[in-house]
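What follows is a single structure, written as structure tokens, with notes after it.
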Amino acid sequence: MHGQRTEPRLRKPTSPQHLTTSTPSRQPGRMDYVEQRIQQEALQSSYSTTALLTPLNLVLATALVYSLYKTLLSSSAGISTPPSPPPPPTVFRTYTPHTLLPFNGTSDRSSRIYLAVRGRVFDVSRGAAFYGPQGPYANFAGRDASRGLALGSFDDHVLTADLDADLDPLLDLGPDELEALAGWEERFLEKYDVVGRLVSVREFDALRKDGSGRD
Numbered sequence: 001m002h003g004q005r006t007e008p009r010l011r012k013p014t015s016p017q018h019l020t021t022s023t024p025s026r027q028p029g030r031m032d033y034v035e036q037r038i039q040q041e042a043l044q045s046s047y048s049t050t051a052l053l054t055p056l057n058l059v060l061a062t063a064l065v066y067s068l069y070k071t072l073l074s075s076s077a078g079i080s081t082p083p084s085p086p087p088p089p090t091v092f093r094t095y096t097p098h099t100l101l102p103f104n105g106t107s108d109r110s111s112r113i114y115l116a117v118r119g120r121v122f123d124v125s126r127g128a129a130f131y132g133p134q135g136p137y138a139n140f141a142g143r144d145a146s147r148g149l150a151l152g153s154f155d156d157h158v159l160t161a162d163l164d165a166d167l168d169p170l171l172d173l174g175p176d177e178l179e180a181l182a183g184w185e186e187r188f189l190e191k192y193d194v195v196g197r198l199v200s201v202r203e204f205d206a207l208r209k210d211g212s213g214r215d
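Quick note on the UniProt record's numbering: the sequence shown kicks off at 1 and runs consecutively.
Structural data, given as structure tokens:
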């Protein structure tokens, strides 16, 4: 009919069956394979670390570190510490109670510390902590310490008061006291140098007359 408007025709919608959808294809087992590879690599890494930490390797590593430490220490010591001068030669002398007395660690004549045990004069300067002025055996310094060591006494009465008298013969000591004295003498022989002998003033004068004594 002329003059009437007609509605435009709608196009028939496309059926969903005709639409194509791009869906990514999933490969079955792919994630499982990746996980297995990760686990295998982790096990291999753990095994390698464990293989290195064997007892033998630990011992070798410790020995190497210790050797390097000793080498560095000796090199450092050799560079920083100059060699010590040799000790002065020991002059063996004959002493009397008078000439031995200045070697008590307090005299201006000498800083050395000497004492006598059964006629032997020992240089105990290395033991100044014991025989020096502040030491527990200080009253033995510069004196004949034989009776005091035998009795285990540090009192002044065990020392010979008269320096001009004959040396103490120790004839009244018992077996136990003589054994104690022998032990002390052996200890002194192991630790200290013998620098002379002790004689009485009378004996020293006799030695000087026949030329066998030394000042």
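We treat Cβ as the ideally placed atom computed from N, Cα and C, and that holds for glycine.
Quick caveat, the model's predicted, so the values are computed rather than measured.
Would you decide whether valine 117 is buried or exposed? Buried here means 16 or more other CB atoms lie within 10 Å of its CB. Around the beta-carbon of valine 117, 16 or more other beta-carbon atoms lie within 10 Å, marking it buried.
Among the residues of its own chain, which have a CB less than 8 Å from the CB of serine 146, if the five just before and after it don't count? Closer than 8 Å at Cβ, skipping near neighbours: Ala116, Val117, Arg118, Asp168, Leu170, Leu181.
Taking the C-alpha atoms as reference points, what is the distance between phenylalanine 103 and glycine 127? Cα to Cα, the separation comes out at about 13 Å.
Label glycine 183 either buried or exposed according to how many other C-beta atoms from any shown protein chain fall within 10 Å of its C-beta, with 16 as the threshold for buried. Exposed, since its Cβ has fewer than 16 Cβ neighbours within 10 Å.
Taking only runs of the alpha helix (DSSP H) that begin and end inside the UniProt domain "Cytochrome b5 heme-binding" (95-199), which ones reach a length of at least 4 residues, in chain order? You should have 97-100, 128-131, 146-151, 175-191.
How big is the Cα-Cα spacing for valine 65 and leucine 58? Those two C-alpha atoms are separated by around 11 Å.
Just the Cα atoms here: how many angstroms apart are residue 219 and leucine 198? Examination of residue 219 is not possible in this model, given that the chain is present from 1 through 215 alone.
Can you give the Cα-Cα distance for tyrosine 114 and glutamate 190, rounded to whole angstroms? Cα to Cα, tyrosine 114 sits roughly 15 Å from glutamate 190.
Any non-hydrogen atom of the ligand ZN closer than 7 Å to serine 200 Cβ: The ligand content of the structure shown is nil, which means the ligand ZN is not present either.
Considering only C-alpha positions, which residue in the set Thr96, Leu100, Val91, Arg143 is nearest to alanine 206? Here the closest residue by C-alpha is Thr96.
With a CB to CB cut of under 8 Å and the five nearest residues on each side skipped, what residues in its chain are close to valine 195? Cβ within range, chain order: Thr90, Val91, Phe92, Arg93, Tyr114, Val121, Phe122, Asp123.
What residues are listed by DSSP as bridge partners for arginine 93? Paired residues: Gly196.
For glycine 211 and phenylalanine 204, I'd like the C-alpha separation in whole angstroms. The straight-line gap from Cα to Cα measures roughly 10 Å.
Quick check on the DSSP output: the alpha helix (DSSP H) that includes aspartate 205 runs from which residue to which? Start and end: 201-209.
Out of Pro133, Asp176, Asp162, which one is the CA nearest neighbour of leucine 149? Closest option to leucine 149, judged by alpha-carbon separation, among Pro133, Asp176, Asp162: Asp176.
CA-to-CA distance, leucine 151 to tyrosine 192, given in whole angstroms: Whole-angstrom Cα-Cα distance: 21 Å.
Please report the distance separating the alpha-carbon of arginine 143 from that of glutamine 134. Approximately 16 Å, taken between the alpha carbons.
Spatial neighbours of glutamate 7 within its chain, please: C-beta separation below 8 Å, excluding the five flanking residues on both sides. Residue placement at glutamate 7 is flagged as unreliable, the pLDDT there being 48, under the threshold of 50; the coordinate-derived value follows with that caveat. For glutamate 7, there are no CB contacts under 8 Å within the same chain when 5 residues up- and downstream are skipped.
CB glycine 105 to CB glycine 132, shorter than 8 Å? Result yes, Cβ atoms of glycine 105 and glycine 132 sit closer than 8 Å.
C-beta atoms of arginine 202 and aspartate 172 nearer than 8 Å: With a cutoff of 8 Å on beta-carbon distance, arginine 202 and aspartate 172 are scored as not near each other.
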